[in-house]
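What follows is a set of notes on a single structure, which appears directly below.
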DNA sequence: CTCGGACTTGGAGTGCACTCCAGGTCAAGG
DNA sequence: CCTTGACCTGGAGTGCACTCCAAGTCCGAG
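Chains as they are written, first to last, in the working numbering: chain A, 1 to 123; chain B, 124 to 246.
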């Protein structure tokens, strides 16, 4: 229950096993994942929770290198909360700007779609 | 007024001259851009309008290859409007799903931000 | 006539984020 | 004991979308 193989972790997180290893190698996780005596990775619930946060950051467009920076701050423990906050706030800014831009472009595209729909309303 | 150099077109569209040449080479434009006797490109208002549409599609995440397909349809002229419509509608679907996903992830990140803000409300 | 600067080309290079491969280990089932 | 399948590693490969380079052309200013 508190210990999943990489295949299970991949299924739970929606990432591939490849990507999970890649994230670990690249310093996106808080620490190396625990191993079974066989050397196979065993993911805890905490691991999965962190990976979900990473997924959220990535899904909103944060570059790997910034996720790594954030992970480093969290790893370093108490005392840098304001830095973490600043990083997240900066990211939030970027995401909101992007959402606004995409939304406005989408409206323009919708306009184009409406033209085509009016052109052949019966087709 | 109806004839801009590549540098001017770059400035107007927000793309680089490199990217404008690249788009032309890659079949994203409706036809080869006109040339001055010197061989230099001359962009018309129509060119710019089309490039803006391309920019909107790109900015909303449409892959180059799909933009090329759409350009090919428009280039082929009347008779395939329903195909164009289908392509745009499919893209719209994708974009809206993405917007929803990003928005929901952003809400989760906001939640995290709120935690940090409550942690050190005076800092 | 010479220079600087904007343009041209084909093709190579870059950065990002995976994605895969070869060769190996390990535990369980037949 | 042998095979199967899931896992391991370092390092190479992939796809995308640019981005840049070298070598050349053209034009206006001095």
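Each residue gets a CB set at the ideal place from its N, CA and C atoms; glycine is no exception.
Neighbourhood of residue i by C-beta, 8 Å cutoff - its chain only, sequence neighbours within 5 removed
i                      : result
residue 13 of chain A  : 20, 48, 51, 52 and 55
residue 198 of chain B : 153 and 154
Classification of residue i by the beta-carbon crowding that lies within 10 angstroms, buried from 16 upward
i                      : result
residue 166 of chain B : buried
residue 103 of chain A : exposed
residue 145 of chain B : exposed
residue 139 of chain B : exposed
residue 28 of chain A  : buried
residue 85 of chain A  : buried
residue 190 of chain B : buried
residue 154 of chain B : exposed
residue 9 of chain A   : buried
residue 246 of chain B : Note on residue 246 of chain B: pLDDT 48, under 50, position unreliable in the model; the coordinate value appears next. With fewer than 16 Cβ atoms within 10 Å of its Cβ, residue 246 of chain B is classed as exposed.
Residues sharing a beta bridge with residue i, DSSP
i                      : result
residue 239 of chain B : Paired residue(s): none; residue 239 of chain B is not in a bridge.
residue 127 of chain B : B:166
residue 158 of chain B : B:164
Nearest neighbour of residue i, chosen from the options [CA to CA]
i                      : options                       : result
residue 128 of chain B : B:156, B:149, B:200 and B:146 : B:156
residue 224 of chain B : A:36, A:58 and A:82           : A:58
residue 239 of chain B : A:113, A:37 and A:89          : A:89
residue 18 of chain A  : A:31, A:77 and A:41           : A:41
residue 60 of chain A  : A:83, A:91 and A:78           : A:91
residue 205 of chain B : A:118, A:63, A:105 and A:78   : A:118
residue 25 of chain A  : A:76, A:77 and A:65           : A:65
Heavy atom of the ligand SAH within 7 Å of residue i beta-carbon
i                     : result
residue 36 of chain A : With respect to small molecules bound, the structure shown includes none, and the ligand SAH cannot be examined in it.
Chain-order list of residues whose beta-carbon lies under 6 Å from that of residue i (same chain, five-residue window excluded)
i                      : result
residue 70 of chain A  : 87
residue 168 of chain B : 125
Contact set for residue i: own chain, Cβ-Cβ below 7 Å, skip 5 residues either direction
i                      : result
residue 35 of chain A  : 41 and 42
residue 203 of chain B : 196
residue 162 of chain B : none
residue 62 of chain A  : 91
residue 236 of chain B : none
Quick one: any contact between the segment 93-109 of chain A and the segment 221-239 of chain B, if contact means 3 or more CB pairs under 8 Å? yes
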